[in-house]
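**Student:**
Numbering (our numbering), first residue to last: 4 to 395.
So this is what it looks like as structure tokens:
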């Protein structure tokens, strides 16, 4: 039988899972994916945690203990989520060790309500790093304008960072600048650069969702012919910029000091349009030194029928530029698309986080009153978070 995920890995793509739950951990399902599906990393977001806490009795004992201690809801959420992430880090530790610290990483996000607050973001990043206390952790920081200096400051502390919610090329360039500045400061602060990791999460399918809706409103044959092309073109041009930055003399000086490059991570890679091939955002974004974080159904789909055709990115820059030029010619304001997606992305994750807080609050109250299933109330909040569109 063809090992399609093995072929993808051999082509330079690290396969990561975009999901986490305590059931997945306690059942051994996460470790099984690591052992059998070439999965070498894990990403999470507030909606993933909201769903995890709503679906399992695995959290009941911890909720009861937290209720007995009388902790705040915010502290309870952090205790619950960091417990899972710490456990996941331990499960993924073999992949971390085998890759020299490049893979085997697990991400946890700062409170998304802090997306426009630089100093608070840095403070929470440091707290989460201390709380999880695992070398293969990534702290997720959104790529807002306020997030950029937070990325630099966090890396300067020797803390590994997953930069999330990147949609546009110019912002991605700023993210790479923030990364380089952070490593330069970390080196000046005496940190071992070989222990600091980073990925830049460039979102894919959401771009097509937004652009396709605008093309449908335009309604011409020419406009409709461009549906499903924007996201891949945008991501390919991001990789071009990555290749330029990480071949510079500035980067080489850091690499000589032991630094690892900040790999592009393709996020939001499940197709939202059923007319599109279910693994299109994997097949069309194969390039050396990249990460593709997928929901489990996409991992299994690629294992069943994915086609690895070598590098599908590097030789397609001119075609990608033509796609974006054609979109502009059809009246698509791509800058507005990117700004809309960033704003909505922050709002969706903040909504999911708020719903998670509401669900945990109800669960703590239920646990205080001795109910047997204190997480039942969280189910309603998780469904509301999903309805708000918090999934990547």
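Think of the CB as a built atom: it goes at the ideal place given N, C-alpha and C, for glycine as much as any other residue.
With contact counted as at least three CB pairs below 8 Å, one residue from each stretch, are the segment 147 to 163 and the segment 114 to 124 in contact?
**Tutor:** Counting Cβ pairs under 8 Å, three or more are found: they touch.
**Student:** Buried or exposed: which applies to residue 167, given that a residue is buried once 16 or more other Cβ atoms fall within 10 Å of its Cβ?
**Tutor:** By one-based count along the chain shown, residue 167 stands at place 164. Buried, since its Cβ has 16 or more Cβ neighbours within 10 Å.
**Student:** Extract the residue ranges of the alpha helix (DSSP H) inside the segment 78 to 104, only unbroken runs of 4 or more that lie entirely within it.
**Tutor:** Runs found: 96 to 101.
**Student:** Apart from the five residues on each side of it in sequence, which residues of its chain come closer than 7 Å, Cβ to Cβ, to residue 12?
**Tutor:** Indexing the chain shown from 1 puts residue 12 at position 9. Cβ neighbours of residue 12 beyond the five flanking positions: 18, 41.
**Student:** Alpha carbon to alpha carbon, how far is residue 267 from residue 369?
**Tutor:** If you number the chain shown from 1, residue 267 lands on position 264. If you number the chain shown from 1, residue 369 lands on position 366. Cα-Cα distance, rounded: 43 Å.
**Student:** Nearest to residue 64 by alpha carbon, out of 47, 82, 50?
**Tutor:** Counting from 1 along the chain shown, the entry for residue 64 is found at position 61. Residue 64 has its Cα closest to that of 82, out of 47, 82, 50.
**Student:** Counting pairs of Cβ atoms below 8 Å between the segment 181 to 201 and the segment 217 to 232, do you hit three or more?
**Tutor:** Contact between the segment 181 to 201 and the segment 217 to 232 is absent, because fewer than three Cβ pairs lie under 8 Å.
**Student:** Judging by CA-CA distance, which residue of 39, 280, 233, 137 is the nearest neighbour of residue 397?
**Tutor:** The displayed coordinates of the chain run from 4 to 395. Any statement about residue 397 would go beyond what the structure contains.
**Student:** Spatial neighbours of residue 265 within its chain, please: CB distance less than 6 Å, with the 5 preceding and 5 following residues excluded, ordered by chain position.
**Tutor:** Residue numbering aside, residue 265 sits at position 262 when the chain shown is read from its first letter. Cβ neighbours of residue 265 beyond the five flanking positions: 182, 201, 203.
**Student:** Tell me the DSSP secondary structure of residue 4 in three-state form.
**Tutor:** Numbered from its first residue, the chain shown carries residue 4 at position 1. Reduced to three states, the DSSP call for residue 4 is coil.
**Student:** Does the beta-carbon of residue 75 have 16 or more other beta-carbons within 10 angstroms, so that it is buried, or is it exposed?
**Tutor:** Working through the chain shown from its first residue, we reach residue 75 at position 72. Exposed: under 16 other Cβ atoms inside 10 Å.
**Student:** Could you check where the beta strand (DSSP E) with residue 21 kicks off and where it finishes?
**Tutor:** Taking the chain shown and counting its residues from 1, the one referred to as residue 21 is at position 18. Where residue 21 is concerned, the enclosing beta strand (DSSP E) stretches over 16 to 21.
**Student:** Got a sec? Which residues, its chain only, sit under 8 Å from residue 172 by beta carbon, not counting five neighbours each side?
**Tutor:** In the chain shown, the residue the question calls residue 172 occupies position 169. Correct list, in chain order: 237, 240, 241, 244.
**Student:** Please confirm whether residue 353 and residue 116 have their CB atoms less than 8 Å apart.
**Tutor:** As a first step, residue 353 must be located in the chain shown, where it is residue number 350. As a first step, residue 116 must be located in the chain shown, where it is residue number 113. Contact: yes.
**Student:** Locate the alpha helix (DSSP H) running through residue 237, then write down its first and last residues.
**Tutor:** Within the chain shown, numbered from 1, the residue matching residue 237 stands at position 234. Run containing residue 237: 233 to 248, per the alpha helix (DSSP H) assignment.
**Student:** Taking the straight line between their C-alpha atoms, what separation do you get for residue 161 and residue 371?
**Tutor:** Along the chain shown, one-based indexing puts residue 161 at 158. Along the chain shown, one-based indexing puts residue 371 at 368. Each residue's Cα considered, the two are about 40 Å apart.
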